[in-house]
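Under UniProt numbering, the sequence shown has 188 at position 188, and the numbering climbs by one with no breaks.
Positions of the beta carbon are idealized from the N, C-alpha and C atoms, including for glycine.
Treat the numbers as computed from the prediction; the structure is a model and nothing was measured.
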Amino acid sequence: MTAHILPHNYEMVRQVSAGPYAYVYLVRNKADGEEVIAKCVSLADISNEMRQSLKLARRIGLELKHHNIIHAMKSPMDDGEHIMIQITRYYNDRDLLTFIQKCKETSQFIPEESVWRCAVCLISAVAYLQSSHAKDNSALKPIAHKNIQPSNVLIDRDGNYVLTGFSYCVEMQETGLNLPETSDGIPKTRSVTYMAPETIDNKQWDGRVDVWGIGCTLYEMCTGMKYVEAVTPKFALKEITTTEMPPRLLGYSPDLVDLVGRMLLADFRKRPQISDLFSDERIQSRM
């Protein structure tokens, strides 16, 4: 996939990244000089499950409106069937993973209020995703992101955190548990590092998979380390089930340790629902 597919009113600045089915470019609007991101996705030669997730991600970007969720504009060259091109705001390469890595390299401690701010933003975003979207004139059902991790969290100029990276999202059942998406286990293109144990084990699940993802993200902010280091399903599950709880977050308050620890409970039935977290006084007081 090359830059010739870009809309005619944009010019290439540079390629930002490339994946198995998507290219991301930094482009400039010829009319006003504004730099934005163009994500170009080919729908050829990918599984039906991935195709459906990408189409859903496209709808989320176009239809949903929340200040902590990435918003997209449709390109005239986006046909939604063979190729998708979405234009989004450029965040000057400020993603949470890069920020964590820079802090770790310079031995900087991420302030507790920054961690709380991220918690508030992500909990607010996920609570919105898992709610009814009729108010946005959208027919989308409640949505599970299923891939929350630091690299999928952007940081704006005001220090707010914005959720992106919806490639594995799915619409959830209105009630009850959701079945595993595939009978073949975890897609080869997906890492188990931030996956909830119930999805690693290919079991039934609910919206608390995203509570796990938020917990992993906050843990990494506090420690500079991944909560799960294993890269195979077998060893990831072993690591999760043998890790001491609550997590050791040196230098952070008991309230924050408690919040992160509850998010990282291996048994998802004991993990709080996103609605419980959203109504938590510690979150509401920081809204």
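Residue 27 and residue 83 have their C-alpha atoms spaced approximately 18 angstroms apart. Under the Cβ criterion (8 angstroms, minimum of three pairs), the region 128 to 147 does not count as touching the region 220 to 229.
In terms of CA proximity to residue 124, 69 leads the group 115, 69 and 112. A straight line joining the alpha-carbon of residue 15 with that of residue 86 spans about 15 angstroms. Counting only runs of at least 3 residues, the region 105 to 152 fully encloses no beta strand (DSSP E) element at all. As the crow flies, the alpha-carbon of residue 29 is around 6 angstroms from that of residue 35. With a threshold of 16 other beta carbon atoms within 10 Å, residue 207 meets it and is buried. Bounds of any alpha helix (DSSP H) do not take in residue 227, whose DSSP letter is neither H nor E. Residue 33 and residue 53 have their alpha carbons spaced roughly 32 angstroms apart.
Taking residue 233 as reference, the option from 256, 194 and 255 with the minimal CA-CA separation is 194. Here residue 106 is exposed: its Cβ has fewer than 16 other Cβ atoms, across all protein chains shown, within 10 Å. Around the beta carbon of residue 109, a 10 Å sphere encloses fewer than 16 other beta carbons of the protein chains shown; the residue is thus reported as exposed. In terms of CA proximity to residue 145, 126 leads the group 126, 157, 156 and 151.
For the 7 angstroms CB-CB criterion, residue 128 and residue 71 do not form a contact. When secondary structure is reduced to three states using DSSP, residue 88 falls in the strand class. Residue pairing by DSSP places residue 275 opposite no residue, since no beta bridge is assigned to it.
Taking residue 31 as the centre and dropping the five residues before and after it, the same chain places the C-beta of 9 closer than 7 angstroms to its C-beta, in chain order. Taking the Cα positions, residue 143 is about 16 angstroms away from residue 204.
When the beta-carbon positions are compared, residue 97 and residue 150 come within less than 7 angstroms of each other. Distance from the CA of residue 178 to the CA of residue 39, rounded to the nearest whole angstrom, comes to 30 angstroms. If the five residues before and after residue 46 are omitted, its C-beta is found closer than 6 angstroms to the C-beta atoms of 21, all from its own chain and listed in chain order.
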